[in-house]
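Residue numbers (our numbering), protein chains in the order written: chain A, 535 to 746; chain B, 170 to 233.
Ideal Cβ placement from N, Cα and C applies to all residues, glycine included.
Computed from a prediction, not measured in an experiment: that's the story for all the values here.
Okay, structure first, notes after.
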């Protein structure tokens, strides 16, 4: 029986039960940024930590709001906290040894070149379409070697199977149905989480070299 | 020219920006890939489209 205060070695041993030694090492050494910590980003970060990713850079300027609780992974007692801090405390409950870099800032064309210098993979998890386009363009223009995992179209109650992942070029992946806009339809927990799970799954495949 | 996977005919000399606007794209909500490479936003106006080009436009809608 493992105590609730497990050691890092105990966590690693458990991880190796499902990944081999090399995969475990790749996951632990990867550096992933999650930009936007709402319905997509909160799900993506939690999934990545459970998968064994240890170096995460979390970026969001916003605070947890009551209206977030129906879709995002926060708790009522966290209302009013910055999402970076609130998500960090959730992630540390899952794996106390996770190494987090928190930036409570709004991503702009100006700060983007200095914000993402350390990460190999960047998840775009914003809600605003102009912000999504700005981040994707900015990362691909400024960092030709980095991989961008972006999202578009996860609103409404349309067929969940339309929320797909596709590779657009060697450095750009896009998840979602491509069309369902939150300006036209509400966002619901499961369909947004499907999109976030597609993004997190792609990140794992990229880290493990399964995307070629 | 190939545009989002379909072959189209360019009737006249067109800049990328003119083409995007004519097709009804909001240029602040898209990413543009020309022959497999992302086109910096600042170059949309100065890139001239050619018959041999392969143009892909990625649109972003709201939600996250």
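query	result
Beta-carbon within less than 6 Å of residue 701/A's beta-carbon, same chain only, minus the 5 sequence neighbours each way: which residues are those?	707
Start and end of the alpha helix (DSSP H) containing residue 573/A?	573-585
What is the rounded straight-line gap between the Cα of residue 697/A and the Cα of residue 728/A?	7 Å
Rounded to a whole number of angstroms, what is the C-alpha to C-alpha distance between residue 222/B and residue 211/B?	19 Å
At a Cβ threshold of 8 Å, is residue 192/B touching chain A?	no
Under 8 Å by Cβ, that's how I've got residue 573/A and residue 233/B pegged, so tell me the actual separation to the nearest angstrom.	6 Å
Taking the alpha carbon of residue 695/A as the point to measure from, which residue in 666/A, 718/A, 725/A has its own alpha carbon closest?	725/A
Hey, would you say residue 569/A sits closer than 8 Å to residue 658/A, going by beta carbons?	yes
Are the CB atoms of residue 567/A and residue 656/A nearer to each other than 8 Å?	yes
Just how far apart, CA to CA, sit residue 732/A and residue 603/A?	21 Å
Between residue 198/B and chain A, is any beta-carbon pair separated by less than 8 Å?	yes
First and last residue of the alpha helix (DSSP H) that includes residue 726/A?	723-741
Helix, strand or coil: how does DSSP classify residue 171/B here?	strand
So, does the CB of residue 644/A fall closer than 8 Å to a CB anywhere in chain B?	no
Does residue 679/A pass the burial test, meaning 16 or more other C-beta atoms within 10 Å, or should it be called exposed?	exposed
Buried or exposed: residue 639/A, going by 16 or more other Cβ atoms within 10 Å of its Cβ?	exposed
What distance in whole Å lies between the Cβ atoms of residue 687/A and residue 670/A, which are believed to be in contact at a cut-off of 8 Å?	At roughly 14 Å, the Cβ-Cβ gap does not stay under 8 Å, so residue 670/A and residue 687/A are not in contact.
For a contact meaning CB atoms closer than 9 Å, what does residue 227/B contact in chain A?	667, 670, 684, 686, 702, 706, 708, 712
Would you call the CB atoms of residue 565/A and residue 619/A closer than 8 Å?	no
Let me make sure I understand the geometry here. Which of 596/A, 693/A, 739/A has the alpha-carbon closest to that of residue 661/A?	596/A
Do you know offhand how far residue 699/A's Cα is from residue 172/B's?	21 Å
Only counting runs of 4 or more residues, tell me where the alpha helix (DSSP H) segments fall wholly within the segment 183-208 of chain B, in order along the chain.	185-191
Please state if the CB of residue 560/A and the CB of residue 741/A are separated by a distance shorter than 8 Å.	yes
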